Amino acid sequence: MDTIPFVDLRAQYHSIRDEVRSAMDDVLDSTQFILGEAVDRFERDFAAYVGVRHAVGVASGLDALSLALQATGVGAGDEVIVPANTFIATALAVSAAGATPVLVDCREDTYQIDPMLVERAITPRTKALMPVHLYGQAADMNALLGIADAHGLDVIEDAAQAHGATFEGRQCGAMGRAGCFSFYPGKNLGAYGDGGCVVTNDEDLAQNLRRLRNYGQRVKYEHACKGTNSRLDSLQAAVLGVKLKRLDAWNAARVAHAARYSRLLVASSVVPPVVDSRSTHVFHLYVIRASRRDELQKHLSDRGIQTGIHYPIPIHQQEAYLGLGQARGCFPVTEKAAQDVLSLPMFPELADGDIDRVVEAIADFE
Ligand SMILES: *Cc1c(COP(=O)(O)O)cnc(C)c1O
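First residue of the sequence shown? That's 811 in my numbering, and the numbers climb one at a time after it.
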């Protein structure tokens, strides 16, 4: 019996191997290894894809988030509201910018940050909201943009899991002052190494970001601010350019897999993901809820089916963030999700037969 991997990058690589190698060869032949034409071209293509004026390629999703905060003026003494239920990078980006992450619990149905609780977490020090479009579906952006507007806060979107997802027809990443993407290999648009990007319609912000990622440099050897070295790698930009053309087709494949899972799982005891009808969900992750999650995970693993947990330990319970002083029970919905959620195998090349096998194995467990 073959193993069904949680994510398989091999099949996709083989489908684009020649084109990727030729795009990488072009970079090698040009010897423009830092920024240059490959990065420029990808930035133009990605900005057009998201429907914004500017895209600034950086070294990772984490850097995209922290540089976007710095570029909007967030720093020491400021608070930034982030979901309690997210990958730790969202909070780390706030810390890296010198500010304090203020965690807010999520909704029970979609696991997205709860706008009602956001309102209550605002203080005179709050500078920005950083919603995450978790698992590939948009957060409730109408409510969040309304709150931000009423309180004069910036919205910096963490779209690291939501390349191509929309909310009421608007692209994730294009709704706030800036949108941040990760190109970590397993993301819906993934490089063959680390990479990230900030998108924005704000010309000054984009210029600021271009300086920040490149030593604060205005022109060669003139440094306007204390920047860093966080440039999108030129070889990665070449890979991403090849993959971007296929992103919509790959997302459509994920959506079809999700529909098959959800159709077949209705009769089971696990809870399939809830889709907010205002959002398109691009299923970076297909997350179910199961009451005996750990036993189910082992049951599937014994049958050669790999799964994941996103996320097993909430941020406030991580050793790194014990300093926030938030005890167990502070974010009950997030804490419960950490015990119940299970991510099933999901990638564009997943076969229908594999989905059927996963569903049968789940039925077996009951
Ligand atoms: C992956 C991810 C990041 C960080 O991206 P890296 O490229 O790994 O630094 C940030 N936020 C979320 C929600 C993510 O899933």
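Each residue gets a CB set at the ideal place from its N, CA and C atoms; glycine is no exception. Values in this document were obtained by computation on a predicted structure and should not be read as measured data.
Start and end residues, alpha helix (DSSP H) containing residue i
i       : result
GLY883  : Note, GLY883: premise wrong, no alpha helix (DSSP H); not H, not E.
ASP1174 : 1162 to 1175
PHE852  : 847 to 860
TYR1096 : That residue, TYR1096, is in no alpha helix (DSSP H); its beta strand (DSSP E) goes 1096 to 1099.
ALA938  : No alpha helix (DSSP H) holds ALA938; the beta strand (DSSP E) holding it covers 936 to 939.
VAL904  : 899 to 906
Alpha-carbon spacing of residue i relative to residue j, whole angstroms
i       : j       : result
ALA907  : ASP1162 : 44 Å
LEU872  : ILE966  : 13 Å
GLN1017 : LEU1110 : 49 Å
VAL904  : ALA1066 : 35 Å
ALA881  : LEU927  : 27 Å
THR841  : ARG851  : 16 Å
ALA1148 : GLU1129 : 16 Å
GLY1051 : ASP855  : 8 Å
ARG980  : ASP1112 : 42 Å
THR936  : GLY1133 : 19 Å
ARG1064 : GLY974  : 12 Å
ALA848  : PHE1157 : 27 Å
PRO1155 : LEU1095 : 8 Å
ALA988  : MET811  : 46 Å
ARG1028 : LEU1075 : 55 Å
TYR1071 : ILE1172 : 11 Å
GLY1000 : GLU889  : 30 Å
LEU1022 : ASP1174 : 54 Å
GLU929  : PHE991  : 25 Å
TYR823  : VAL1009 : 26 Å
GLU1013 : ALA894  : 31 Å
VAL862  : ASN1011 : 5 Å
ILE891  : ALA1062 : 32 Å
ALA821  : ALA1047 : 21 Å
GLN947  : TYR1031 : 42 Å
ALA1059 : ALA1068 : 14 Å
ARG1103 : ASP839  : 51 Å
LEU1015 : GLY883  : 10 Å
Beta-ladder partner(s) of residue i, from DSSP
i       : result
TYR1071 : Beta-bridge pairing links TYR1071 to no other residue.
GLY1118 : SER1153
PHE843  : Partner(s): none; PHE843 has no beta bridge.
ARG980  : PHE977
VAL1008 : VAL866 and CYS990
VAL1084 : The partner list for VAL1084 (beta bridge, DSSP) is empty, contrary to what the question assumes.
ILE814  : ILE1115
SER1089 : PHE977
Cβ-heavy atom distance, residue i to ligand 1, below 7 Å
i       : result
GLN971  : yes
PHE897  : yes
VAL942  : yes
TYR994  : yes
THR900  : yes
LYS997  : yes
SER870  : yes
LEU875  : yes
GLY777  : Residue coverage of the chain in this structure runs from 811 to 1176, which leaves residue 777 outside it and unanswerable.
ASP968  : yes
ASP1112 : no
GLY1006 : yes
Unbroken beta strand (DSSP E) run spanning residue i, endpoints
i       : result
GLY867  : 864 to 868
VAL890  : 889 to 893
ALA1016 : It is not in any beta strand (DSSP E) - ALA1016 instead sits in the alpha helix (DSSP H) that spans 1013 to 1022.
ASP964  : 964 to 968
Considering only residues of the stretch 1028 to 1056, which uninterrupted alpha helix (DSSP H) runs meet the minimum length of 4 residues and lie entirely inside it, listed in chain order?
Qualifying alpha helix (DSSP H) stretches, in chain order: 1044 to 1054.
Fully enclosed by the stretch 910 to 962, which beta strand (DSSP E) runs are 3 residues long or longer?
Listed in chain order, they are 910 to 914 and 936 to 939.
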